[in-house]
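All residue numbers for the sequence shown refer to this note's numbering, where the first residue is 13 and numbers rise by one. Here's the structure we're looking at; comments come further down.
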Amino acid sequence: MQQETHEPDFKITFTPSRVEWFTDVTSVTVWPTGLQVETPDGTQSFRFEEIGKIQESGIMRFMRKLGGAKPFGMLVADRDWFHPPQDRFFRFYTDPPMKVYMPSDDTVGYEESVFFRVQAVIRCGGYETFDLG
Numbered sequence: 013m014q015q016e017t018h019e020p021d022f023k024i025t026f027t028p029s030r031v032e033w034f035t036d037v038t039s040v041t042v043w044p045t046g047l048q049v050e051t052p053d054g055t056q057s058f059r060f061e062e063i064g065k066i067q068e069s070g071i072m073r074f075m076r077k078l079g080g081a082k083p084f085g086m087l088v089a090d091r092d093w094f095h096p097p098q099d100r101f102f103r104f105y106t107d108p109p110m111k112v113y114m115p116s117d118d119t120v121g122y123e124e125s126v127f128f129r130v131q132a133v134i135r136c137g138g139y140e141t142f143d144l145g
């Protein structure tokens with residue numbers, strides 16, 4: 013008998029070059045609905061619907077729906093990409109904000125990079141990140 017899982021199959025797991033707010037992070041996994049941080053002390057999970065920020069006012073959301081347009085996805089992190097790979101980061105809207113830096117050995121082209129793929133996974137869940145660059 014196969015065990016059912018309710019976790020999305022589309023995810024990315026990586027070892028960050030560093031993380032501000034957590035120490036000794038061994039891996040970070042990003043799903044379309046949230047992220048998980050692994051440390052020797054255990055696992056911490058964050059749901060995007062709980063940390064996300066609405067991008068537009070209630071009136072604008074109503075007007076977009078009235079006009080048949082989809083509301084903008086909730087923002088779940090700031091992103092800064094204009095650096096070498098190990099200095100690119102996502103600052104997730106956790107409390108306090110958690111800054112996750114990309115792997116040091118992420119030397120592939122931009123569209124194959126961990127940074128780009130993290131954005132793709134987040135967008136699959138209907139969420140967005142804010143570009144600081």
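Beta carbons: idealized from backbone N, C-alpha and C, even for Gly.
| query | result |
| --- | --- |
| Provide the residue(s) that pair with Ser116 in DSSP beta bridges, ordered along the chain. | The partner list for Ser116 (beta bridge, DSSP) is empty, contrary to what the question assumes. |
| From the DSSP secondary-structure annotation, give me the bridge partner or partners of Thr38. | Paired residue(s): none; Thr38 is not in a bridge. |
| Please say whether Val126 and Pro109 have beta carbons closer to each other than 7 angstroms? | no |
| Across the segment 71 to 85 and the segment 97 to 108, are there enough close Cβ pairs to call them in contact, namely three or more that are closer than 8 angstroms? | no |
| How many Å lie between Gln56 and Val49 at the Cα? | 5 angstroms |
| So for Phe101, helix, strand or coil by DSSP? | strand |
| If I follow the unbroken beta strand (DSSP E) through Phe128, where does it start and stop? | Premise fails: Phe128 lies in the alpha helix (DSSP H), 126 to 136, not in any beta strand (DSSP E). |
| Would you grab the beta carbon distance between Val37 and Thr51 for me? Rounded to a whole angstrom, and I think it's under 8 angstroms. | 6 angstroms |
| If you check the beta carbons only, do Lys65 and Leu87 fall under 7 angstroms apart? | yes |
| If you compare alpha carbons, which of Pro28, Arg135, Pro96, Glu123 is closest to Gly85? | Arg135 |
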